[in-house]
Amino acid sequence: MSTRIYFTEYGEPAVLQVGPEELAPPGPGQVKVEFRAVGVNPFDWTLVAGVLKNSAPLEFPAVPGSEAAGVVTEVGPAFEGFAIGDEVIWNGFTGGYRTEALVSAEQLTPVPVGVSLEQAACIPVAGGTAYSALRQAKVGPDDVVLIHAAAGGVGSAAVQIAQAFGASVIGTASENNQDYLRELGAFPVTYGPGLAERVRSVAEEVGPVTAVLDAVGTEESVAATIELLPDRGRAVITVPGRHSRDAGIAKVRLEDGRVWEAATLAAEGLLTFTISQRFPLIEAADALEASRTGHVRGKIVLLP
Ligand SMILES: NC(=O)c1ccc[n+]([C@@H]2O[C@H](COP(=O)([O-])OP(=O)(O)OC[C@H]3O[C@@H](n4cnc5c(N)ncnc54)[C@H](OP(=O)(O)O)[C@@H]3O)[C@@H](O)[C@H]2O)c1
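Number 412 in my numbering belongs to position 116 of the sequence shown; there are no gaps in the numbering.
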């Protein structure tokens, strides 16, 4: 018997319930995976809150969670590709807050040698999104990338991936995370009034900003992007809104193969997630409350 975290109505994280679940054997193209770590993302609590209730209403009971890593325990009939005992990364829309899951093999990526399952569980959403956004902005050597919200999951991955692409990084965060950004190799700047001016003064040392990844999407971050980046075509945002749309800033397009690309960088030692908080899976509601603060450093992980 496995355990799942589910909800039957939209609301605060407290609507989450814990319950047992009997999984069927895997069907054709399916694999059963025992999850060892599950990544938590802001999308999870917004999903529970009902952000998609009009555009894509969920069928209840619903299980949050878009990413996890674990070990294959059963494979469907006549199946080739994954075998029992393989370590895999799972990435889907919902359904990850479980000890065990039946998943489509198409949603799996092998865990590269040298990457722990806890790190692997953090790769799909933050790593895959950061990778896609930086490729979309065509970041490469000689670029100076401004990353708004550089201390969060997407931001901290982007700081590292941009440097792996040969770029220099200016990252924004609160006072609490300035040293953290320095440790990641970024030039830190605090957000708040005067943001563009502070970035400009750092740019005197690093070079002018040539690309932007905005992982917070505030009026302030969008205004700074407009002011600092003459070529709007090299700005990408993960939280689009009215301001970014008016400014012509592109929403991130997720690239096929992004999970494998980010996992490869992790295996090469170029991408490591700071796991700032770990919660037992059954305390998922507390994890969502922590994510909801909007001040997560790196990632939060659930341990089944
Ligand atoms: N479209 C997509 O496919 C996609 C994919 C992934 C994520 N997203 C979205 O992208 C956003 C970031 O995701 P995430 O996983 O990185 O979130 P996260 O891990 O919760 O990151 C939060 C970070 O934002 C920083 N922050 C808070 N207020 C800020 C401000 N006013 N200016 C600059 N930074 C600020 C915080 O730093 P301090 O603590 O230092 O304030 C914190 O480190 C979320 O809205 C998420 O839903 C979209």
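The C-beta atom is built at its ideal place from N, Cα and C for all residues, glycine as well.
Per-residue DSSP class, three states only, for residue i
i: S517; result: helix
i: R332; result: strand
i: R478; result: helix
i: F483; result: strand
i: R554; result: helix
i: N387; result: strand
i: A499; result: helix
i: K597; result: Note that residue 597 is Val in the sequence shown, not Lys. Strand at V597.
i: R549; result: coil
i: A580; result: helix
i: S351; result: coil
Residue i Cβ short of 7 angstroms to ligand 3 heavy atom set
i: Y393; result: What this structure holds is ligand 1, not ligand 3.
Range of the contiguous beta strand (DSSP E) that encloses residue i
i: H591; result: It is not in any beta strand (DSSP E) - H591 carries neither H nor E in the DSSP assignment.
i: I301; result: 298-302
i: A469; result: 464-469
i: T425; result: That residue, T425, is in no beta strand (DSSP E); its alpha helix (DSSP H) goes 424-432.
i: E396; result: 396-400
i: L404; result: 404-406
Residue nearest to residue i in terms of C-alpha spacing, selected from the options
i: A546; options: R554, P408, D552, A531; result: A531
i: A433; options: L404, Q326, V505; result: V505
i: G583; options: R574, P484, H591; result: It is worth fixing the name first, because residue 583 is Ala in this sequence and not Gly. With distances taken between Cα atoms, A583 lies closest to R574.
i: V327; options: L509, E370, K595; result: E370
i: A310; options: R593, R588, L599, I596; result: R588
i: S452; options: G335, S351, L567; result: L567
i: R300; options: E317, Y306, E308; result: E317
i: G392; options: S351, S428, P373, N337; result: N337
i: R494; options: L404, S517, K595, E355; result: S517
i: E471; options: E402, P484, G381, W556; result: P484
i: Y476; options: G449, F461, R496; result: G449
i: V344; options: A454, S362, L561, R538; result: S362
i: T570; options: G553, E501, I578, E479; result: E479
i: L509; options: N387, A463, Q474; result: A463
i: L577; options: V359, E355, V441, N350; result: V359
i: A422; options: L599, A586, A559; result: A559
i: V548; options: F339, L354, V384, L430; result: L430
i: A581; options: V597, Q456, I522; result: V597
i: S412; options: A458, G323, V367, G307; result: V367
Paired residues, beta bridge with residue i - DSSP
i: P316; result: T299
i: A531; result: V508
i: Q459; result: According to DSSP, which records beta bridges pairwise, Q459 is partnered with nothing at all.
i: H444; result: D510
i: V370; result: Strictly speaking, residue 370 in this sequence is Glu, with Val absent from that position. Looking at the DSSP assignment, E370 forms a beta bridge with K328.
i: T560; result: Note: T560 sits in no beta bridge, so no partner.
i: E363; result: N387
i: R494; result: BP columns for R494 are empty, so no partner.
i: A379; result: For A379, which the question treats as bridged, DSSP gives no partner whatsoever.
i: A358; result: F303
Boundaries of the alpha helix (DSSP H) in which residue i is found, first to last residue
i: F609; result: Missing from the structure shown is residue 609; the chain here goes from 297 to 600 and no further.
i: L629; result: The structure shown does not extend to residue 629, since the chain is modelled only from 297 to 600, so the question has no answer here.
i: S540; result: 538-542
i: L413; result: 413-418
Below-8 angstroms beta-carbon distance, residue i vs any chain C residue
i: L584; result: In the displayed structure, chain C is absent; only one protein chain is listed.
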